[in-house]
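Peer 1: Let me give you the structure first, and then I'll get to my questions.
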Amino acid sequence: MKLATLIYVQRDGQTLMLHRVKKQNDMHQGKWNGLGGKLEPGETPEECAVREVREESGLVARNPRLRGILTFPAFAKEEDWYVYLFTIHEFEGDLHPPAQAVEGNLAWIDNAGLLDLNLWPGDRIFLPWLNQPHFFSAKFTYQDGELVDHAVVFHPQKKQEIEYRVSSNGGA
25 MKLATLIYVQ
35 RDGQTLMLHR
45 VKKQNDMHQG
55 KWNGLGGKLE
65 PGETPEECAV
75 REVREESGLV
85 ARNPRLRGIL
95 TFPAFAKEED
105 WYVYLFTIHE
115 FEGDLHPPAQ
125 AVEGNLAWID
135 NAGLLDLNLW
145 PGDRIFLPWL
155 NQPHFFSAKF
165 TYQDGELVDH
175 AVVFHPQKKQ
185 EIEYRVSSNG
195 GA
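Per my numbering, the sequence shown starts with residue 25, numbered consecutively.
Encoded structure:
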């Protein structure tokens, strides 16, 4: 079982995408992806998201928002992958120059054109969910690089009332 993050950095109607064209034997070769990678020992998914954005893009991300969890049974080398899916709207810094981008080429893509990119089939399904108000858990099953099945559960947001007790002189 592998634990990983997938992060979509967004600004002004655009999403930062990575065109995976630089690594040999990359299972994502030629595809456009968000940023992300495997969790390191002792690292939270949020810490991993911030680290991966910094390593892959040069941007310093703040306040990653967990949007969903993706399950990919037997995806790579017959291992299950569990992926924490984040969006990030707050960041600072400049993108790495193209020569420093190890994984591939970075580009800001208009959101209206995201689905026109060479994406994994499952990405075409979940990308529109990123900016919806609900959290989701989805499973995408691939065989030989082809999507053969998928399922999703949406978890609607519920407003919860929080009671605050204010006391004076230490009393409740």
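Ideal Cβ positions, reconstructed from N, Cα and C, are used throughout, including at glycine. Predicted model, so just to flag it, every value in this text is computed and none were measured.
Within a Cβ cutoff of 6 Å, which residues of the same chain sit near residue 25, ignoring the five residues on either side of it in sequence?
Peer 2: For the purposes of this step, residue 25 is identified with residue 1 of the sequence shown, where counting begins at 1. Once the five neighbours on either side are set aside, the close Cβ partners of residue 25 are 104.
Peer 1: To the nearest whole angstrom, what separates the beta carbons of residue 39 and residue 133, a pair I think is in contact under 8 Å?
Peer 2: On the sequence shown, position 15 is the one that residue 39 refers to. On the sequence shown, position 109 is the one that residue 133 refers to. The pair is a contact, with the Cβ atoms about 6 Å apart (cut-off 8 Å).
Peer 1: Using 8 Å as the Cβ pair cut-off and three pairs as the minimum, do the stretch 112-123 and the stretch 92-102 touch?
Peer 2: no
Peer 1: Taking only the alpha-carbon atoms, compute the straight-line gap between residue 159 and residue 170 and give it to the nearest angstrom.
Peer 2: Working through the sequence shown from its first residue, we reach residue 159 at position 135. Working through the sequence shown from its first residue, we reach residue 170 at position 146. Going from the Cα of residue 159 to the Cα of residue 170 covers about 26 Å.
Peer 1: Pick from 140, 27 and 176: whose alpha carbon is nearest that of residue 70?
Peer 2: Against the sequence shown, residue 70 aligns to sequence position 46. Per the Cα distances, 27.
Peer 1: At what residue ranges does the stretch 63-118 contain a whole run of the alpha helix (DSSP H), taking only runs of 4 or more?
Peer 2: 69-81
Peer 1: Note down the Cα distance separating residue 44 from residue 67, rounded to an integer number of angstroms.
Peer 2: Counting from 1 along the sequence shown, the entry for residue 44 is found at position 20. Counting from 1 along the sequence shown, the entry for residue 67 is found at position 43. Taking the straight line from one Cα to the other gives about 25 Å.
Peer 1: With DSSP as the reference, label residue 137 as helix, strand or coil.
Peer 2: Within the sequence shown, the letter at position 113 stands for residue 137. Three-state result, residue 137: helix.
Peer 1: With distances taken Cα to Cα, identify the nearest neighbour of residue 96 among 147, 121 and 129.
Peer 2: As a position in the sequence shown, residue 96 is number 72, starting the count at 1. If we check each option's Cα against that of residue 96, 147 comes out closest.
Peer 1: Classify residue 144 as helix, strand or coil using the three-state DSSP reduction.
Peer 2: Counted from its first residue, the sequence shown places residue 144 at position 120. Three-state result, residue 144: coil.
Peer 1: Taking 8 Å as the threshold (C-beta atoms), are residue 84 and residue 75 in contact?
Peer 2: For the purposes of this step, residue 75 is taken as the residue at position 51 of the sequence shown. For the purposes of this step, residue 84 is taken as the residue at position 60 of the sequence shown. When the beta-carbon positions are compared, residue 75 and residue 84 stay at least 8 Å from each other.
Peer 1: Got a sec, what are the start and stop residues for the beta strand (DSSP E) residue 126 sits in?
Peer 2: The residue given as residue 126 occupies position 102 in the sequence shown. It is not in any beta strand (DSSP E) - residue 126 carries neither H nor E in the DSSP assignment.
Peer 1: For residue 46, decide whether its Cβ has a neighbour in chain C, counting only Cβ atoms nearer than 8 Å.
Peer 2: Included in the structure is just one protein chain, with no chain C present.
Peer 1: Starting from the Cα of residue 34, find the closest Cα among 130, 180, 173 and 140 and give me that residue.
Peer 2: Locating residue 34 in the sequence shown gives position 10, where the first residue counts as 1. Minimum Cα distance to residue 34 is reached at 130.
Peer 1: Output yes or no for whether 8 Å exceeds the beta carbon distance between residue 127 and residue 42.
Peer 2: As a first step, residue 127 must be located in the sequence shown, where it is residue number 103. As a first step, residue 42 must be located in the sequence shown, where it is residue number 18. Contact flag set, yes.
Peer 1: Going by C-alpha distance, which of 52, 51 and 80 is nearest residue 59?
Peer 2: Here residue 59 refers to the residue found at position 35 of the sequence shown. The shortest C-alpha separation from residue 59 is found at 80.
Peer 1: Taking 6 Å as the limit between beta carbons, can you name the residues of its chain near residue 165, skipping five residues before and five after?
Peer 2: Mapped onto the sequence shown, residue 165 falls at position 141. Excluding positions up to five away in sequence, the list reads 97, 172 and 173.
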